Amino acid sequence: MESFVLAGGCFWCLDAVYRTLRGVHDVVSGYTGGAVPDPSYELVCTGTTGHAEAVRVEFDPDVIPREVVLDVFFTLHDPTQLNRQGADVGTQYRSAMFFGGEDQRDRFEAARARAADWWPGRIVTTIEPLGEFFRAEEYHQDFFAKNPGQGYCVAVALPKVNKIRRSYAEWIVS
């Protein structure tokens with residue numbers, strides 16, 4: 350197993366998408382990239398902690414290639430928006446990849462370079478060393494599946510899930 354820690358706006362969207370992929374064994378929503386130990390959702394939402402809403406995606410690279418996991422990341426959010434995704438604004442919604450070693454850093458840089466060919470405008474995704482990852486509160490885990498009728502899920506997460514289902518159909522769990 351291998352894991353990537355990725356931030357691309359609200360973690361509910363990333364969580365919902367990655368849970369649909371073959372070869373992904375676990376997705377944990379959480380916070381990383383900041384200086385405040387064990388932050389709460391409410392504190393992270395203030396934008397003062399330095400943390401980003403992120404997911405830790407645990408996957409089997411013998412089932413789903415690392416490049417696919419990373420290309421999905423750059424497909425499901427807009428990496429040209431600085432410190433925001435749509436109406437979600439603040440550094441906690443930044444586009445970021447948190448590396449746990451030089452190999453990951455190199456893979457992240459290659460994925461960001463590939464994505465630059467797909468997106469008009471400059472990619473603002475940061476590549477940062479992975480510090481401590483704090484698991485988000487339990488109600489954030491698998492939020493989309495538990496709350497499919499919730500307004501944000503219907504308006505924001507579902508279109509992203511559907512986009513990935515169309516673009517990466519061969520990797521979707523049936």
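Each step along the sequence shown adds one to the number in the working numbering, with nothing skipped, and position 145 is 494. Every residue gets a Cβ at the ideal spot worked out from N, C-alpha and C, and that includes glycine. Just so it is clear, the structure is predicted and the values come from calculations on it, not from any experiment.
Beta-carbon gap between residue i and residue j smaller than 8 Å
i	j	result
E351	P410	yes
G357	L425	yes
V354	L431	no
V412	R371	yes
V522	T369	yes
A485	Y390	yes
N511	C502	no
I472	F448	no
T440	G470	no
T474	R461	yes
T381	E451	no
W468	P508	no
V404	F360	yes
V373	F408	yes
R433	Y442	yes
Supposed contact pair residue j and residue i - C-beta distance, whole angstroms, cut 8 Å
i	j	result
Y517	V376	About 15 Å separates the two Cβ atoms, so there is no contact after all.
F493	D364	7 Å
Bridge partner(s) assigned by DSSP for residue i
i	result
Q434	D437
S523	Paired residues: none, contrary to the question.
A356	A445
E351	F408
Residue i classed as buried or exposed, judged by whether at least 16 other C-beta atoms fall within 10 angstroms
i	result
R402	A small correction: the amino acid at residue 402 is Glu; Arg does not occupy that position in the sequence shown. Buried.
V505	buried
H489	buried
V393	buried
A459	exposed
Q453	buried
R515	exposed
A436	exposed
A445	buried
G500	exposed
Problem set entry | Uninterrupted beta strand (DSSP E) stretches inside the segment 461 to 519 (no shorter than 3 residues) | 475 to 478
Exercise. Which residue spans inside the segment 368 to 455 form an unbroken beta strand (DSSP E) run of at least 3?
Worked result: 373 to 381, 401 to 408, 444 to 448
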